[in-house]
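Asks: What follows is a single structure, and I will ask about it in a moment.
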């Protein structure tokens, strides 16, 4: 450790962390049970004991540079075994909320996390903007005999979908760069060679598309199939199903909106992939998590912050109105009916995307795989460094016979 | 033996361990009061006799307890009455609100004072029983000498395992007519002025800590079992060996706070385990110079002068300390070695530590709650114990006192002190009442 550094503590940060989660972090007496029972933490990366300490002391810079909260999947072993009932698992959840606001240099996230009303007002503001935009482009009543005349897919693309995609892309990328700077660039103890960024790229994609770390929550030696049968993987598979549904719908709607507005001549793939698979995934998945949050039976659903509720609720409503809209198109409802469902769908969808994606809970979809990628980079780089320094050292120590 | 007495000034002491006996001695030496000690075991002395050595002086238990037995025999013997193998059935408050009437049930005493502990009876005995004195790590005959410092010093019969008159082999073997298999249980009733609970403790049931593998893996034992393994009179004759294969235990892991300081188990600190584990590490090193104990701890609690004892342990290079508590113990089935998942906070790494044997520092659970549940309290008498199960001065104004671990988790030395302070409280209580 740096000897000349004065440890800077931040009391407001401690208050903030306690505000955005239900961890009793001040009860922690640093026994280390949490780190040792954690199935996800590794030899060189034990957590969450250190995070409990850093949060309890308000070590802002250290916390902002910490990737471990993203490597935690809230298996709950730590909270179950904690002798102080300090809820370390919930602390890691709170830290993820803190990190989302730390990567966001605009300060909006912090506002949303701090205040329930702040979040509602932000969502409402976006909804009003979308409503005005809609009225300007399409009017309050449908003009035209067909849907495509009343609501032109091109206009939706040009004035809604694509600007949004660009906005999200720019904002999210800048936040991820901020994260990259805090966690990798500013870490003077390790320098990541350029080559590693490419060779480790697979881990980014692998973790994004499999969320495999969820499966590691059950680290006993029983077979995959037994655990699957026992329902140990239900949460993971539901989450994965929901994510894949969401991503495929998002990509398809942004780039192929025509497919969704067209009631005839659909390719079979579309029906199977979007109308069934992804729609079911979206509605079933969000309903599953809402039920889990209500019943509070498993550790990771025991506590819910208002942003958690808002996120699942909006995603659920987006899914439901989307399915209704699609059904209305496929079953040839009258144009005004479709017109208004369409409007309602957008009034829910856009606030969710604009607010939740870069500034709130949604962003974990991006930060989690990126954090795993960064963590892998740093670990590999460290290994290369130590291997390099050992090789560079002359044999001053006599080797043991 | 007296079975009826009306000494209003006398005191009932429930529990004949170190605290109970110490309190009885202090009271009877200082006043002319009579003390009745009711002990459920067939001998006086309690848990201290099961220790291999005391900390911090590392002397054997009889050296401490012997002083007590000598004091009993010298001046005050006639003023202390012992009921061994006995339990209190009823405590009834007197009508005038002062003093109690007590009913004690004593199991049949099959052995009379003729016993010379020659041991012929045990040789003849065909029945066996799990030896509770050695925490059931071995067996004894159904007729047995509880331990070498037994007081009263005579054999005893475990009524749950002895076939009594249908067998009679011990009676035939005994040359001194010391065995009376037709002995009956007795009820003793007497009046007392005050009651002292000195009911002691038992180790926490560490099977409830299912992560730590006690009961699942043979080589996971508790600290109290370690005392018996080390004792010359223990099941292994003083050799510290692994239960699974009898091999000498070299790499021994001591896991602190097994149950204690844990809100899912015992929320309080048991106060003795840090010193006990340090002591055990030291005597393990003395007995087996090639051993290397490691103590896994949250923080080591060695207050006051006990710090010197910690320094003594630390001065041994082969006694290791790991800051960080063990989260999980698993077993390597081929060697029966144990693998400990633990964070080493100093190096900041999470390690897998392989040990020959694991000793869990089981917390102390006060017996008083369980014992109270078997006693019928009459005439509006209520005894309040706190959330953790201790009786801490709550009922002193009624003449109900506590000493030793009934009061709070204490080591032997402080139990003696608490007994002395309790004795003074009893005397003051009676003086105030005059």
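Protein chains in written order, with the working numbering: chain A, 1 to 401; chain G, 1001 to 1434. Ideal Cβ placement from N, Cα and C applies to all residues, glycine included. These numbers come from a predicted model, not from an experiment.
1. Here's the rule: buried if 16 or more other CB atoms are within 10 angstroms of the residue's CB, otherwise exposed. What is residue 1048 of chain G?
2. Compare the C-beta of residue 1346 of chain G with all C-beta atoms of chain A and state if any pair is closer than 8 Å.
3. I'd like to know if the segment 1111-1121 of chain G and the segment 1405-1422 of chain G are in contact, where contact means that at least 3 CB-CB pairs between them fall below 8 Å.
4. Out of G:1400, G:1339, G:1367, G:1324, point me to the one whose CA is closest to residue 1382 of chain G's CA.
5. Please report the distance separating the alpha-carbon of residue 1422 of chain G from that of residue 1194 of chain G.
6. For residue 1078 of chain G, count neighbouring C-beta atoms within 10 Å of its own C-beta (all shown protein chains included) and say buried if the count is 16 or more, exposed if not.
7. Hey, does residue 44 of chain A have any beta-carbon neighbour from chain G nearer than 8 Å?
8. Rounded to whole angstroms, what is the Cα-Cα separation between residue 1 of chain A and residue 1203 of chain G?
9. Starting from residue 1141 of chain G and walking both ways along the beta strand (DSSP E), at which residues does that stretch end?
10. Please list the partners that residue 188 of chain A has in chain G, where partner means a Cβ-to-Cβ separation under 8 Å.
11. Do residue 1435 of chain G and residue 1019 of chain G have their C-beta atoms within less than 8 Å of each other?
12. When the Cβ atoms of the segment 1254-1264 of chain G are set against those of the segment 77-84 of chain A, are three or more pairs found closer than 8 Å?
13. Name the one or two DSSP bridge partners that residue 1364 of chain G has.
14. Taking residue 1271 of chain G as the reference, give the member of G:1239, G:1341, G:1361 with the closest Cα.
15. Strictly under 8 Å for the Cβ-Cβ distance: is residue 1420 of chain G near chain A by that measure?
16. Can you name, in chain order, every residue of its own chain whose Cβ lies under 7 Å from the Cβ of residue 324 of chain A, other than the five neighbours on each side?
17. Sort G:1168, G:1384, G:1354, G:1273 by Cα distance to residue 1368 of chain G and report the nearest one.
18. Can you confirm whether residue 1263 of chain G, when its beta carbon is compared against all beta carbons of chain A, has any partner nearer than 8 Å?
19. For chain G, is any of its Cβ atoms less than 8 Å away from the one on residue 213 of chain A?
20. If the cut-off is 8 Å on Cβ atoms, which residues from the segment 156-184 of chain A count as contacting chain G, listed in chain order?
21. Compare the C-alpha of residue 1379 of chain G against each of G:1040, G:1317, G:1098, G:1051 and name the closest.
22. Please list, in chain order, the residues of the segment 1323-1353 of chain G that have any C-beta partner in chain B closer than 9 Å.
23. Label residue 1006 of chain G either buried or exposed according to how many other C-beta atoms from any shown protein chain fall within 10 Å of its C-beta, with 16 as the threshold for buried.
24. Can you tell me whether residue 1013 of chain G is buried or exposed, with buried defined as 16 or more other CB within 10 angstroms of its CB?
25. Compute the distance between the beta-carbons of residue 298 of chain A and residue 76 of chain A, then report whether it is under 8 Å.
26. Buried or exposed: residue 1353 of chain G, going by 16 or more other Cβ atoms within 10 Å of its Cβ?
27. How would you write the range of the beta strand (DSSP E) that residue 996 of chain G sits in, first residue to last?
28. Can you tell me whether residue 145 of chain A is helix, strand or coil according to DSSP?
29. Find the residues of chain A that neighbour residue 1211 of chain G, judging by a C-beta separation of less than 8 Å, and give them in chain order.
30. Counting only Cβ-Cβ distances shorter than 7 Å, please list the residues of the segment 1298-1314 of chain G near chain A, keeping chain order.
31. With a CB to CB cut of under 6 Å and the five nearest residues on each side skipped, what residues in its chain are close to residue 1394 of chain G?
32. Going by beta-carbon coordinates alone, are residue 1281 of chain G and residue 1357 of chain G separated by less than 8 Å?
33. Starting from the Cα of residue 1069 of chain G, find the closest Cα among G:1051, G:1090, G:1043, G:1093 and give me that residue.
34. Taking the alpha carbon of residue 1296 of chain G as the reference point, which residue from G:1351, G:1160, G:1306 has its own alpha carbon closest?
35. Under DSSP, the beta strand (DSSP E) around residue 1257 of chain G begins and ends at which residues?
36. Which partner residues does residue 1337 of chain G have in the DSSP bridge list?
Replies: With the given structure in hand:
1. Reading the second chain from its first residue, position 48 is the one you call residue 1048 of chain G. Buried: at least 16 other Cβ atoms inside 10 Å.
2. Walking along the second chain from the start, residue 1346 of chain G turns up at place 346. Not closer than 8 Å to any Cβ of chain A, the Cβ of residue 1346 of chain G fails to qualify, so no.
3. no
4. Position 382 of the second chain holds residue 1382 of chain G. Answer by Cα proximity: G:1400.
5. Locating residue 1422 of chain G in the second chain gives position 422, where the first residue counts as 1. Locating residue 1194 of chain G in the second chain gives position 194, where the first residue counts as 1. Approximately 11 Å, taken between the alpha carbons.
6. Mapped onto the second chain, residue 1078 of chain G falls at position 78. By the 10 Å Cβ count, residue 1078 of chain G comes out exposed.
7. Sequence index remark: in the first chain, residue 44 of chain A carries index 44 (1-based). Cβ-Cβ to chain G under 8 Å: yes for residue 44 of chain A.
8. Here residue 1 of chain A is taken as the residue at index 1 of the first chain, counted from 1. Here residue 1203 of chain G is taken as the residue at index 203 of the second chain, counted from 1. Any answer about residue 1 of chain A is weak, because its pLDDT of 49 lies below 50 and its placement is not dependable; what the coordinates show is given next. Taking the straight line from one Cα to the other gives about 42 Å.
9. In the second chain, the residue the question calls residue 1141 of chain G occupies position 141. 1139-1141 is the span of the beta strand (DSSP E), which, as asked, contains residue 1141 of chain G.
10. As a position in the first chain, residue 188 of chain A is number 188, starting the count at 1. Ordered by position in chain G, no residue passes the 8 Å Cβ test against residue 188 of chain A, which lies about 17 Å from the chain.
11. Outside the displayed range of chain G (1001 to 1434) lies residue 1435 of chain G, so it cannot be described from this structure.
12. yes
13. For the purposes of this step, residue 1364 of chain G is taken as the residue at position 364 of the second chain. BP columns for residue 1364 of chain G point to G:1203.
14. As a first step, residue 1271 of chain G is located in the second chain; it is residue number 271 there, counting from the start. When each option's Cα is compared against that of residue 1271 of chain G, the closest is G:1361.
15. For the purposes of this step, residue 1420 of chain G is taken as the residue at position 420 of the second chain. Cβ-Cβ to chain A under 8 Å: no for residue 1420 of chain G.
16. Within the first chain, residue 324 of chain A is the residue found at index 324, counting from 1. Excluding sequence neighbours, residue 324 of chain A sits near 341.
17. Taking the first residue of the second chain as position 1, residue 1368 of chain G is located at position 368. Nearest option by C-alpha distance: G:1384.
18. Residue mapping note: residue 1263 of chain G aligns to position 263 of the second chain, counting from 1. Yes - at least one Cβ of chain A is within 8 Å of the one on residue 1263 of chain G.
19. Here the question's residue 213 of chain A lines up with position 213 in the first chain. It does not; no Cβ of chain G falls within 8 Å.
20. none
21. Numbered from 1 along the second chain, position 379 holds the residue referred to as residue 1379 of chain G. Answer by Cα proximity: G:1098.
22. Any reference to chain B falls outside this structure, whose protein chains are A and G.
23. Position 6 of the second chain, counting from 1, holds the residue named residue 1006 of chain G. Since pLDDT at residue 1006 of chain G reaches only 44, below the 50 mark, its modelled position is unreliable, and the value read off the structure follows with that caveat. Under this definition residue 1006 of chain G is an exposed residue.
24. Here residue 1013 of chain G is taken as the residue at index 13 of the second chain, counted from 1. Counting Cβ neighbours within 10 Å, residue 1013 of chain G comes out buried, since at least 16 surround it.
25. Residue 298 of chain A sits at position 298 when you count from the first residue of the first chain. Residue 76 of chain A sits at position 76 when you count from the first residue of the first chain. Cβ atoms of residue 298 of chain A and residue 76 of chain A: closer than 8 Å.
26. Position 353 of the second chain, counted from the start, is the residue given in the question as residue 1353 of chain G. That one is buried.
27. Any answer about residue 996 of chain G is impossible in this case: the structure gives chain G only from 1001 up to 1434.
28. Walking along the first chain from the start, residue 145 of chain A turns up at place 145. Of the three classes helix, strand and coil, the one that applies to residue 145 of chain A here is coil, per DSSP.
29. Position 211 of the second chain, counting from 1, holds the residue named residue 1211 of chain G. Simply 37, 81.
30. 1298
31. Indexing the second chain from 1 puts residue 1394 of chain G at position 394. Closer than 6 Å at Cβ, skipping near neighbours: 1384.
32. Position 281 of the second chain, counting from 1, holds the residue named residue 1281 of chain G. Position 357 of the second chain, counting from 1, holds the residue named residue 1357 of chain G. It is not a contact, given that the beta carbons lie outside the stated cut-off.
33. Locating residue 1069 of chain G in the second chain gives position 69, counting from the first residue. Of the listed residues, the one whose Cα sits closest to residue 1069 of chain G is G:1043.
34. Position 296 of the second chain, counted from the first residue, corresponds to residue 1296 of chain G. If we check each option's Cα against that of residue 1296 of chain G, G:1351 comes out closest.
35. Position 257 of the second chain, counting from 1, holds the residue named residue 1257 of chain G. It spans 1252-1258 - the beta strand (DSSP E) in which residue 1257 of chain G sits, taken as one unbroken run.
36. Residue mapping note: residue 1337 of chain G aligns to position 337 of the second chain, counting from 1. Per DSSP, G:1332.
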